[in-house]
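Chemist: Submitted below is the structure of interest, expressed as structure tokens.
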Ligand code: NAD
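Residue numbers (our numbering): 239 to 602.
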């Protein structure tokens with residue numbers, strides 16, 4: 239396919255293509271379809287950082303034995319209200335739903351459950367897991383870290399000490415689509431720097447910090463020189479991501495390490511390994527059934543308060559207050575109608591991965 243500036247691909251075709259890639263790469267059909275489903279779900283939500291741009295990296299991890307196909311959860315410890323589970327370095331798109339479903343089952347019985355997951359392959363967009371719990375009528379909170387994924391400097395420092403450690407809080411709504419607060423505690427997710435390094439949207443120029451304390455938006459601080467290669471290796475850069483919100487984001491990132499790394503029995507982030515690039519997510523998730531708390535009045539109270547917040551005077555003429563999750567709903571609608579935009583470089587990298595597996599990319 240000739241390289242274009244960017245392409246827009248219908249979600250279902252992209253999902254099928256990604257599923258075919260992982261099927262040929264060694265996953266069974268159901269797992270390959272799940273990987274396609276959740277990567278494309280991140281693109282549909284507007285989080286291209288956690289979408290199909292990850293395909294070359296996931297395939298490389300599979301081939302290097304850094305992530306394993308066909309894995310399930312091992313329950314290390316369990317009672318009615320909680321479980322500690324090992325994801326066995328299986329694909330996050332398989333391990334994530336299994337861990338969430340265990341939390342849903344327990345919270346439906348007791349009203350409150352915590353699932354401490356360690357050694358999950360990359361869990362992608364954490365909002366997908368909150369949305370899965372919300373579909374079952376539950377609120378959920380997720381604190382995530384990345385063992386082996388040290389990328390972010392603490393407030394006041396320049397050395398990498400945290401991963402990008404996302405936090406997600408999801409609240410179901412009577413109308414169906416939940417409220418989803420879901421963000422990295424770094425100023426931008428690493429994947430957003432990846433997107434920028436492949437000709438996509440630039441990251442803000444205060445996203446990264448160099449070893450001398452210089453603040454910048456240059457992806458080379460994370461990946462080193464990037465000329466002539468599709469593979470981005472974050473061990474090569476000499477700088478670090480910065481946390482959002484000064485000391486507050488830094489404090490949240492630190493607590494994610496303690497909750498998702500120490501409490502789950504997994505590992506905190508540490509220096510990125512330079513051999514097999516294994517990174518695994520730890521995730522402490524708390525599931526709450528509102529029926530056991532505020533009861534029948536909860537759904538209406540959420541609607542009333544959401545409407546009150548939406549009705550705040552906009553800061554600028556024609557402006558609008560958005561609720562957590564609203565930007566994703568709008569992007570999803572637009573992309574389902576008009577296709578998922580990918581930079582030519584991202585599409586070329588996915589197609590190169592497919593060709594390496596003797597698969598012919600679809601003609602667009
Ligand atoms: P972001 O900065 O785009 O923030 C997204 C959140 O902010 C959403 O909840 C969104 O609804 C809300 N939001 C955005 N604009 C808003 C507005 N104008 N008004 C009100 N709310 C608004 O997200 P991010 O930090 O770039 O993270 C992107 C994704 O990366 C997330 O899905 C996260 O789970 C994922 N992530 C995953 C990992 C991992 O290890 N698996 C690591 C880091 C990040």
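Glycine is no exception: its CB is placed at the ideal position from the N, C-alpha and C atoms.
Taking the straight line between their C-alpha atoms, what separation do you get for residue 476 and residue 349?
Modeler: Here residue 476 refers to the residue found at position 238 of the chain shown. Here residue 349 refers to the residue found at position 111 of the chain shown. Computed Cα separation, rounded: 47 Å.
Chemist: Where residue 306 and residue 327 are concerned, what is the direct C-alpha to C-alpha distance, given to the nearest angstrom?
Modeler: Within the chain shown, residue 306 is the residue found at index 68, counting from 1. Within the chain shown, residue 327 is the residue found at index 89, counting from 1. For residue 306 and residue 327, the distance between alpha carbons rounds to 6 Å.
Chemist: Who are the Cβ neighbours of residue 602 in its own chain at under 6 Å, not counting the five residues just before and after it?
Modeler: Locating residue 602 in the chain shown gives position 364, where the first residue counts as 1. So the qualifying residues of the chain are 245.
Chemist: Which same chain residues end up closer than 6 Å to residue 420 when comparing Cβ atoms and leaving out the 5 residues on each side of it in sequence?
Modeler: Counting from 1 along the chain shown, the entry for residue 420 is found at position 182. The answer, listed in chain order, is 364, 365 and 406.
Chemist: For residue 591, which residues from the same chain have a beta carbon less than 7 Å from its beta carbon, with the 5 sequence-adjacent residues on both sides left out?
Modeler: Counting from one through the chain shown, the residue named residue 591 turns up at place 353. 259, 293, 294 and 297, listed in sequence order.
Chemist: Cα separation between residue 527 and residue 342?
Modeler: In the chain shown, residue 527 corresponds to position 289, counting from 1. In the chain shown, residue 342 corresponds to position 104, counting from 1. Residue 527 and residue 342: Cα-Cα distance of roughly 9 Å.
Chemist: Under 8 Å from any heavy atom of the ligand NAD, does the C-beta of residue 430 make it?
Modeler: As a first step, residue 430 must be located in the chain shown, where it is residue number 192. The answer is yes for residue 430.
Chemist: If you run the structure through DSSP and keep just helix, strand and coil, what is residue 547?
Modeler: As a first step, residue 547 is located in the chain shown; it is residue number 309 there, counting from the start. In this structure, residue 547 counts as helix in the three-state DSSP scheme.
Chemist: If contacts are defined as beta-carbon pairs under 8 Å, then residue 425 and residue 481 qualify, I think. What distance do you get, rounded to the angstrom?
Modeler: What you label residue 425 is simply residue 187 of the chain shown in a count that begins at 1. What you label residue 481 is simply residue 243 of the chain shown in a count that begins at 1. Indeed, because the Cβ distance is near 7 Å, the residues count as touching under 8 Å.
Chemist: Going along the chain, which residues of its own chain have a beta-carbon closer than 6 Å to the beta-carbon of residue 579, five neighbours each way excluded?
Modeler: By one-based count along the chain shown, residue 579 stands at place 341. These residues qualify, in order along the chain: 244 and 246.
Chemist: Suppose contacts are defined by Cβ-Cβ distances below 9 Å. Is residue 277 in contact with residue 256 by that definition?
Modeler: Reading the chain shown from its first residue, position 39 is the one you call residue 277. Reading the chain shown from its first residue, position 18 is the one you call residue 256. Closer than 9 Å, so yes.
Chemist: Which class does residue 485 belong to by DSSP, given the choice of helix, strand or coil?
Modeler: Here the question's residue 485 lines up with position 247 in the chain shown. If DSSP states are grouped into helix, strand and coil, residue 485 belongs with the helices.
Chemist: Can you list, in chain order, the residues of its chain whose CB lies under 6 Å from that of residue 336, leaving out five sequence neighbours each side?
Modeler: As a working note, residue 336 is residue 98 in the chain shown. The residues are 311.
Chemist: Quick one: is the Cβ of residue 470 within less than 8 Å of any heavy atom of the ligand NAD?
Modeler: Start at 1 with the first residue of the chain shown, and residue 470 comes out as number 232. Checking the Cβ of residue 470 against the ligand NAD gives no.
Chemist: Per the DSSP calculation, residue 579 is bridged to which residue(s)?
Modeler: Mapped onto the chain shown, residue 579 falls at position 341. In the DSSP output, where bridge partners are listed per residue, residue 579 has 246.
Chemist: Could you tell me if the beta carbon of residue 421 falls within a distance shorter than 8 Å of some heavy atom in the ligand NAD?
Modeler: Reading the chain shown from its first residue, position 183 is the one you call residue 421. Yes; taking the cut-off as 8 Å, the Cβ of residue 421 has a heavy atom of the ligand NAD nearer than that.
Chemist: Going by DSSP in three states, residue 360 sits in which element: helix, strand or coil?
Modeler: Here residue 360 refers to the residue found at position 122 when the chain shown is read from its first residue. Coil at residue 360, not helix or strand.
Chemist: Is the closest heavy atom of the ligand NAD to the C-beta of residue 281 under 8 Å?
Modeler: As a first step, residue 281 must be located in the chain shown, where it is residue number 43. No - the ligand NAD has no heavy atom lying nearer than 8 Å to the Cβ of residue 281.
Chemist: Pick helix, strand or coil for residue 602, following the three-state DSSP scheme.
Modeler: For the purposes of this step, residue 602 is taken as residue 364 along the chain shown, with counting starting at 1. Note: residue 602 maps to coil in three-state DSSP.
Chemist: Just to confirm my understanding: we take residue 561, look at its own chain, exclude 5 residues before and 5 after, and list those with CB closer than 8 Å. What are they?
Modeler: Position 323 of the chain shown, counted from the first residue, corresponds to residue 561. Correct list, in chain order: 417, 544, 547 and 548.
Chemist: Quick one: using the 10 Å Cβ neighbour count with 16 as the cut-off for buried, is residue 369 buried or exposed?
Modeler: Counting from one through the chain shown, the residue named residue 369 turns up at place 131. Its Cβ being crowded by 16 or more others within 10 Å, residue 369 is buried.
Chemist: Straight-line CA distance for residue 291 to residue 470?
Modeler: Reading the chain shown from its first residue, position 53 is the one you call residue 291. Reading the chain shown from its first residue, position 232 is the one you call residue 470. Computed Cα separation, rounded: 11 Å.
Chemist: Express the C-alpha separation of residue 279 and residue 242 in angstroms, rounding to a whole number.
Modeler: Position 4 of the chain shown, counted from the first residue, corresponds to residue 242. Position 41 of the chain shown, counted from the first residue, corresponds to residue 279. The pLDDT assigned to residue 242 is 46, lower than 50, so where the model puts this residue is not dependable, and the model offers no usable value.
Chemist: Establish whether the CB of residue 373 and some CB of chain C are separated by less than 9 Å.
Modeler: This model lacks chain C altogether, as it is built from one protein chain only.
Chemist: Just curious, the alpha helix (DSSP H) that residue 316 is in, first and last residue?
Modeler: Locating residue 316 in the chain shown gives position 78, where the first residue counts as 1. Taken as a continuous stretch (DSSP letters only), residue 316 belongs to no alpha helix (DSSP H), being part of the beta strand (DSSP E) at 312-316.
Chemist: Report the residue from 490, 391, 339 and 309 whose alpha carbon sits nearest the alpha carbon of residue 358.
Modeler: Residue 358 sits at position 120 when you count from the first residue of the chain shown. Checked all of 490, 391, 339 and 309; the closest Cα to residue 358 is 309.
Chemist: Taking only heavy atoms of the ligand SAM into account, decide whether any of them is closer than 8 Å to the Cβ of residue 288.
Modeler: Judged by which ligands are present, the ligand SAM is missing from the structure shown, whose ligands are the ligand NAD.
Chemist: Is residue 418 a contact residue of the ligand NAD, with contact defined as CB to any heavy atom under 8 Å?
Modeler: Taking the chain shown and counting its residues from 1, the one referred to as residue 418 is at position 180. At least one heavy atom of the ligand NAD is nearer than 8 Å to the Cβ of residue 418, so yes.
Chemist: Pull up the distance between the alpha-carbon of residue 252 and that of residue 319, whole angstroms please.
Modeler: Taking the first residue of the chain shown as position 1, residue 252 is located at position 14. Taking the first residue of the chain shown as position 1, residue 319 is located at position 81. Those two C-alpha atoms are separated by around 39 Å.
Chemist: Sort out for me which residues DSSP pairs residue 608 with in a bridge.
Modeler: No answer is possible for residue 608: it lies beyond the span of the chain, which begins at 239 and ends at 602.
Chemist: With DSSP as the reference, please indicate the residues paired to residue 406 in a beta bridge.
Modeler: Numbered from its first residue, the chain shown carries residue 406 at position 168. According to DSSP, which records beta bridges pairwise, residue 406 is partnered with 380 and 420.
Chemist: Consider the C-beta atom of residue 566 and the heavy atoms of the ligand NAD; say whether any pair is separated by less than 8 Å.
Modeler: As a first step, residue 566 is located in the chain shown; it is residue number 328 there, counting from the start. True, at least one ligand heavy atom lies under 8 Å from that Cβ.
Chemist: For residue 519, is the beta carbon positioned less than 8 Å from some heavy atom of the ligand NAD?
Modeler: As a first step, residue 519 must be located in the chain shown, where it is residue number 281. Yes - the ligand NAD has a heavy atom lying nearer than 8 Å to the Cβ of residue 519.
Chemist: Return yes when at least one heavy atom of the ligand NAD lies under 8 Å from the C-beta of residue 382, else no.
Modeler: For the purposes of this step, residue 382 is taken as residue 144 along the chain shown, with counting starting at 1. Flag set: Cβ of residue 382 near the ligand NAD.
Chemist: In or out: residue 315 buried (at least 16 other Cβ within 10 Å) or exposed?
Modeler: Within the chain shown, residue 315 is the residue found at index 77, counting from 1. Its Cβ having fewer than 16 others within 10 Å, residue 315 is exposed.
Chemist: Determine the direct distance from the alpha carbon of residue 321 to that of residue 506, and round the result to whole angstroms.
Modeler: If you number the chain shown from 1, residue 506 lands on position 268. If you number the chain shown from 1, residue 321 lands on position 83. Cα to Cα, residue 506 sits roughly 19 Å from residue 321.
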